[in-house]
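Here the protein sequences line up with chains A, B and C, keeping their order. Reminder that position 332 of the first sequence reads as 332 in our numbering, one-by-one numbering, no gaps. Position in the second sequence counted from 1, then plus 1000, gives you our numbering. Position in the third sequence counted from 1, then plus 2000, gives you our numbering.
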Amino acid sequence: MTAKKLSSPLARVTGIFFIVTIVCLTFADLTVTTVDPWSEFGRLASGLISPDFFSTDSLVLSLAYTLAFALLGVLLGNLIGFGFALLFSFRLIRIFCAVIRAVHELFWALIFLQLFGLSPITGILAIAIPYSGIIAKVYAEILEESDQSPLEVLSVNTSRASTFLFVRLPDAWVQFKTYSMYRLECGLRSSAVLGFIGLPTLGFHLESAFKEGHYQEVSALLIVFYILIATMRFWMKRQFLPVYLILSVVILPWDTNFSASNILRFLTEDIIPYPMRDNTASMMDWVHLLVVTQAFPGMLATLQLTMIALFATGILTMLFFPLISPLFFKMKGRGIGHVFLVIIRSTPEYILAFILLQLWGPSMLPAIVALAFHNSAIIGHLIGRYTENIALRQDSVTGINRYFYEVSPRIYRPMLALLFYRWEVILRETAILGMLGVATIGFYIDSAFSDLRFDRALVLIAITAMMNICVDAISRLIRSHLRLKTSLEYK
Amino acid sequence: MNILRATAFILAWCLIIPAGSVKAERKFVFTAIPDQDESKLRQRFGKVALYLSKALNLNVEYVPVKSYAAAVTAFRNNQVQLAWFGGLSGVRARNLVKDSRAIAQGKKDPFFETYFIAHKSSGLEYSKKFPKSMAGMTFTFGSKGSTSGRLMPEFYIRKAFKKSPQEVFKRVGFSGNHSRTVALVQSGAFQVGATNFKVWKRGVKDGTIELNKISVIWKTPGYPDYNWTIRGDVDRSFGSGFSKKVQQALLQMDDPELLKSFPRKGFIAAKNSDYKPILDTARMLNLID
Amino acid sequence: MALLEVRGESAGYAENVVLSDLNFSIDPGERVALVGESGAGKSTLLRMIYDRCSDFAALVPQNLGLVQALTVFHNVYMGRLHDRSLIRNFRNLLWPRGEDASEVEDVLKMLRLEEKLFSNVGELSGGQQQRTAVGRALYNPGKLFIADEPVSSVDEHQAKQILETISREKETVVVAMHDRALAIDYCDRLIGIKGGRVTIDEPSAGMKPGELDELYRVSDE
Chain A
1 MTAKKLSSPL ARVTGIFFIV TIVCLTFADL TVTTVDPWSE FGRLASGLIS PDFFSTDSLV
61 LSLAYTLAFA LLGVLLGNLI GFGFALLFSF RLIRIFCAVI RAVHELFWAL IFLQLFGLSP
121 ITGILAIAIP YSGIIAKVYA EILEESDQSP LEVLSVNTSR ASTFLFVRLP DAWVQFKTYS
181 MYRLECGLRS SAVLGFIGLP TLGFHLESAF KEGHYQEVSA LLIVFYILIA TMRFWMKRQF
241 LPVYLILSVV ILPWDTNFSA SNILRFLTED IIPYPMRDNT ASMMDWVHLL VVTQAFPGML
301 ATLQLTMIAL FATGILTMLF FPLISPLFFK MKGRGIGHVF LVIIRSTPEY ILAFILLQLW
361 GPSMLPAIVA LAFHNSAIIG HLIGRYTENI ALRQDSVTGI NRYFYEVSPR IYRPMLALLF
421 YRWEVILRET AILGMLGVAT IGFYIDSAFS DLRFDRALVL IAITAMMNIC VDAISRLIRS
481 HLRLKTSLEY K
Chain B
1001 MNILRATAFI LAWCLIIPAG SVKAERKFVF TAIPDQDESK LRQRFGKVAL YLSKALNLNV
1061 EYVPVKSYAA AVTAFRNNQV QLAWFGGLSG VRARNLVKDS RAIAQGKKDP FFETYFIAHK
1121 SSGLEYSKKF PKSMAGMTFT FGSKGSTSGR LMPEFYIRKA FKKSPQEVFK RVGFSGNHSR
1181 TVALVQSGAF QVGATNFKVW KRGVKDGTIE LNKISVIWKT PGYPDYNWTI RGDVDRSFGS
1241 GFSKKVQQAL LQMDDPELLK SFPRKGFIAA KNSDYKPILD TARMLNLID
Chain C
2001 MALLEVRGES AGYAENVVLS DLNFSIDPGE RVALVGESGA GKSTLLRMIY DRCSDFAALV
2061 PQNLGLVQAL TVFHNVYMGR LHDRSLIRNF RNLLWPRGED ASEVEDVLKM LRLEEKLFSN
2121 VGELSGGQQQ RTAVGRALYN PGKLFIADEP VSSVDEHQAK QILETISREK ETVVVAMHDR
2181 ALAIDYCDRL IGIKGGRVTI DEPSAGMKPG ELDELYRVSD E
């Protein structure tokens, strides 16, 4: 009997991940280090219900900057990504795209800060570069899956370009537009978060306000941010786009000057390993310090945290999706569920982790909770929507029995597909959370940047990217092994 | 649709033309390390910019940055020409930019101190000798790049224990800035922390520090810290003698309202060699290559 | 000279032979109907004919081959993509030229679909989509019109009109049809398929629908 149970590949994979998670948990540091987390939480809560919209210097301007960076970054990312998507059959392009999307936008921003300083180019490129890698992959998939049946009716003499324009592009175009809207939402989140490292967006003030405990200001900033995202479909109309783009270009402070010599110096000196620049330093020491005391522990902690967060995301998803599923709740109840999920998924995990770190202190716990909540809100939302199309027989059971017998078995497969799809995303975020003080590899990257040791920072970023690419490959392997489809992700 | 497009273009032109017609004026930009109370930075240093504009008869602007490293980078890349650095960030900046000079420091800055502070629940009390009983507790530094919040406390911890802070303490954090360190120790998030004595004294005066929850347990010996550093090439780009003029303007700053931003009672002249001890310590701790 | 001559060949997909021992030819000016049960191999035979004649043929496949995201104009215009320059094609994709639009409109008028010129195909009914696909094949300069059930989704009256239009506009027509009466009325030659073979190949003049019953009888084997 056990043999039969184990033969289900879904159950087996779940089991393996469960064991890995348990192993990771036994070594994890999950303590709440604050003596009295609830008093701080009380202050946060009372601040949140009494927002103060007038305490931030230039709130409107930072809101405008947040929008401008997101719009220009996503637009540029779209253009480059579309170009790459057309060339996606070349192996080199695929690898290049995998590498640029494996590096988180915050790391890109830290690099571009060295090249262009606080010029708007930094923020725009930090969004556009990783996004173009993501967009290229998604667009290439869409183009591949586009309806090919009109091909046979075209005359055999039709040029390839015309065929592409009339047959492959139009159907894909519709999906490109939908996906771009989704990307713009991501772009707004990214843009806000870029403020944490110094760009003049909402995150700039959010970070300060948080650090200083000005929770009324925090509340105001978060509310403004939620409204911005929640109302996106009303203000983001295609015909307004040119106006928005022109305004974006106009309002950004382009007068920050940067020189080619800075860029040249960064590329030809700063990122060259220090011992190669200074003969008195030992290469062995440099490598030892970097690999043994930083990269290795950083990678271990990153993987550990990622695995726990991934499994926790799965569990929370199973709890969250019924909140918005018509199979379990009536209209009204679902409304509350929707609001709940929208709020958690609109909050970037970076900000969520930041809040929890303030409350609980710097263990892995806040990071796990932040990652699991944010990602399960996203997947839970998609799965909840997916259940709308499940037609149960009229006499099917209700309540808990329905959950376990009718619904869970049906959604488990798509849920795993999405979960594995987001594995890479979770890893990328985990690395970044190190910048907040959790001991993942991002901690060492942040340290290298604050010591102005760009040679080390770049090696560590490259290692992070490699990890990402590996996890992506493993995830793809598992998905194809389990025959999991992921088209739900962007539809 | 066409009307919309037309509106878009008109709007754009209305905005571009005035933006373009403003002549790009040569402006002098400075920044300051975000060592405390980051919000209101713009307000606080905006006033300093105004003062310098008048004193130098030139458009002076302040740019806020999020980290010590960002301040150094901006200085290095000539996006700011003057900066209010800490000891360590100043040393780093001057290492990276040839001919840059420390020109002024606060009156107290040659004898700066770091206070080790502890939450009451830790049971630690003030002592003249380094309190070794803090081993095994949780500890927070300030910013990773701070002199008083990182470099000097780490130096004394290593000196006392002959081990790295990560080995001495149960947990080591980097709060980000000095006022945050005080807040984290006060809330009990960390049992012990190291902060800048100026920030501590101001907090006690303002009443934001509750002395029944938190107290000073050790004070470091004095060391040189904050400084105004200017790029060496300003004399070329803003006229000869310009750095002298900036130095004069800083030394003559006497409005208490302005000095509160730092917070200092006034500024005195400084030179690069004043910070030799900091450079040596940073090298010793392997914070500078 | 015949447009196409097939002597003792087979047709199918890859290894899978659907029709064998085929012997027929198609001459210019003929109107041929393929009849037979569904699954008998009509589509396979049409595909074979199209493959041989693709240089001068216009096709209406069973799934219509429409691009759902484009308008009726674009889908019909696609019949001449190969005849037009890339620049013209690109321009028409974004902002249709008046000249091309009126040409397409003329084709649509014959099919009573001119009102839908700039409607998205995805929003049309099944019959309208079918007429769009026919329109595309008519607009295609190919003189051989090949269609798989081109009137299955329209009513009888319209079906007749459409078939008349096709007969008027195209020199040679090969259509697969399940409606035997229509096939006899509008084509001058019938090819019947059963059991992987061509069992009937004769002029339709004077034939009665009942005579084709044999094709549809379930065999006892």
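Just so it is clear, CB atoms sit at the ideal spot from N, CA and C, and this is done for glycine as well. These numbers were taken from a predicted model, which means no experiment stands behind them.
Quick one, are the C-beta atoms of residue i and residue j less than 8 Å apart?
i: B:L1138; j: B:F1169; result: The amino acid occupying residue 1138 of chain B in the given sequence is Thr; Leu does not appear at that position. In this structure, B:F1169 lies closer than 8 Å to B:T1138 by Cβ.
i: B:I1103; j: B:I1230; result: yes
i: B:F1150; j: B:K1159; result: Here the sequence assigns Arg to residue 1150 of chain B, which means Phe is not the residue at that position. Against a cut-off of 8 Å, the Cβ pair of B:K1159 and B:R1150 comes out as no contact.
i: A:A558; j: A:F449; result: Residue 558 of chain A is absent from the structure shown; chain A starts at 1 and stops at 491.
i: A:I124; j: A:E105; result: no
i: C:V2107; j: A:V167; result: no
i: C:M2110; j: C:T2165; result: yes
i: C:I2162; j: C:L2034; result: no
i: A:I411; j: A:I383; result: yes
i: A:L323; j: A:G314; result: no
i: A:L113; j: B:T1073; result: yes
Is it right to say residue i is buried, meaning 16 or more other beta carbons lie within 10 angstroms of its own, or is it exposed?
i: A:I400; result: exposed
i: C:M2048; result: buried
i: B:Q1079; result: buried
i: A:Y182; result: exposed
i: B:Q1105; result: buried
i: A:I474; result: exposed
i: C:M1942; result: A query on residue 1942 of chain C cannot be resolved here, the shown segment of chain C reaching from 2001 to 2221 and no further.
i: B:Q1191; result: buried
i: A:V459; result: buried
i: B:F1174; result: buried
i: A:F235; result: First, the amino acid is wrong: residue 235 of chain A is Trp here, not Phe. Its Cβ having fewer than 16 others within 10 Å, A:W235 is exposed.
i: A:K485; result: exposed
Beta-carbon within less than 6 Å of residue i's beta-carbon, same chain only, minus the 5 sequence neighbours each way: which residues are those?
i: A:R422; result: N375
i: B:T1208; result: none
i: B:N1196; result: S1148 and H1178
i: A:L115; result: I263 and F266
i: A:L357; result: P366 and L436
i: B:V1022; result: Low per-residue confidence applies at B:V1022: pLDDT is 41, beneath 50, and the placement is therefore not dependable enough to give any value.
i: C:D2027; result: A2002
i: A:Y65; result: P200 and T201
Enumerate in chain order the residues of its own chain whose CB-to-CB distance from residue i is below 8 Å, with the five nearest sequence positions on each side excluded.
i: B:A1024; result: For B:A1024, the predicted model reports a pLDDT of 45, less than 50, meaning its position is unreliable; a value from the coordinates is still stated below. So no residue of the chain qualifies.
i: C:L2113; result: V2072, Q2128, R2131, T2132 and G2135
i: A:L63; result: L202, V224 and L228
i: B:I1016; result: Its pLDDT being 45, under 50, B:I1016 is placed unreliably by the model, and nothing is read from it.
Skipping 5 residues on each side, what residues in its chain have a beta carbon closer than 7 Å to that of residue i?
i: B:R1202; result: P1263
i: A:A28; result: Q304, I308 and M364
i: C:R2080; result: Y2139, N2140 and P2141
i: A:S208; result: none
i: B:P1224; result: G1087, D1109, P1110, F1112, D1274, Y1275, P1277 and I1278
* For the stretch 1189-1207 of chain B, which residues have a beta carbon sitting closer than 8 Å to at least one beta carbon of chain A? -> Of all residues in the stretch 1189-1207 of chain B, the ones placed with a Cβ closer than 8 Å to any Cβ belonging to chain A are A1189 and F1190, in chain order.
* Asked: Should the stretch 127-141 of chain A be called in touch with the stretch 77-86 of chain A, which here means at least 3 C-beta pairs below 8 Å?
  -> Of all C-beta pairs linking the stretch 127-141 of chain A to the stretch 77-86 of chain A, three or more are shorter than 8 Å, placing the two stretches in contact.
* Inspect the CB distances between the stretch 97-117 of chain A and the stretch 45-65 of chain A and report whether three or more fall short of 8 Å. => Touching, no.
* Asked: According to a CB-to-CB cut-off of less than 9 Å, which residues of the stretch 318-335 of chain A neighbour chain B?
  -> So the list is empty, because no residue satisfies the distance condition.
* Where the stretch 2041-2058 of chain C meets chain A: residues whose CB sits under 7 Å from a CB there -> Answer in chain order: S2054 and D2055.
* Asked: Is it a yes or a no for the stretch 1081-1099 of chain B touching the stretch 1271-1280 of chain B, going by three-plus beta-carbon pairs under 8 Å?
  -> The stretch 1081-1099 of chain B, when compared against the stretch 1271-1280 of chain B, does touch it at the 8 Å Cβ threshold.
* Cβ contact (3+ pairs, closer than 8 Å) linking the stretch 174-193 of chain A and the stretch 337-354 of chain A -> Between the stretch 174-193 of chain A and the stretch 337-354 of chain A there are three or more inter-stretch CB-CB distances shorter than 8 Å, so the stretches are counted as touching.
* Asked: Of all the residues that make up the stretch 2115-2140 of chain C, which are near chain A by a beta-carbon distance shorter than 8 Å?
  -> So the list reads A2133, R2136, A2137 and N2140, given in the order they occur along the chain.
* Can we say the stretch 2182-2191 of chain C touches the stretch 2204-2218 of chain C, given the rule of at least three CB pairs closer than 8 Å? -> Cβ pair count under 8 Å is three or more, so yes.
* **Proximal residues, the stretch 182-198 of chain A versus chain B, C-beta separation under 9 Å** => If you check each beta-carbon in the stretch 182-198 of chain A against every beta-carbon of chain B, the ones closer than 9 Å belong to G195, F196, I197 and G198.
* Asked: Are there three or more Cβ pairs, one per stretch, closer than 8 Å when the stretch 1249-1256 of chain B is compared with the stretch 1211-1222 of chain B?
  -> A contact between stretches requires three or more CB pairs, one per stretch, nearer than 8 Å, and the stretch 1249-1256 of chain B fails this requirement with the stretch 1211-1222 of chain B.
* Asked: Counting pairs of Cβ atoms below 8 Å between the stretch 1058-1076 of chain B and the stretch 1026-1033 of chain B, do you hit three or more?
  -> Flag = yes, the stretch 1058-1076 of chain B and the stretch 1026-1033 of chain B touch.
* To do: Scan the stretch 259-285 of chain A for residues whose Cβ lies nearer than 8 Å to a Cβ of chain B and list them as they occur along the chain.
  => Taking 8 Å as the Cβ-Cβ cut-off against chain B, the residues of the stretch 259-285 of chain A that qualify are S259, N262, Y274, D278 and A281.
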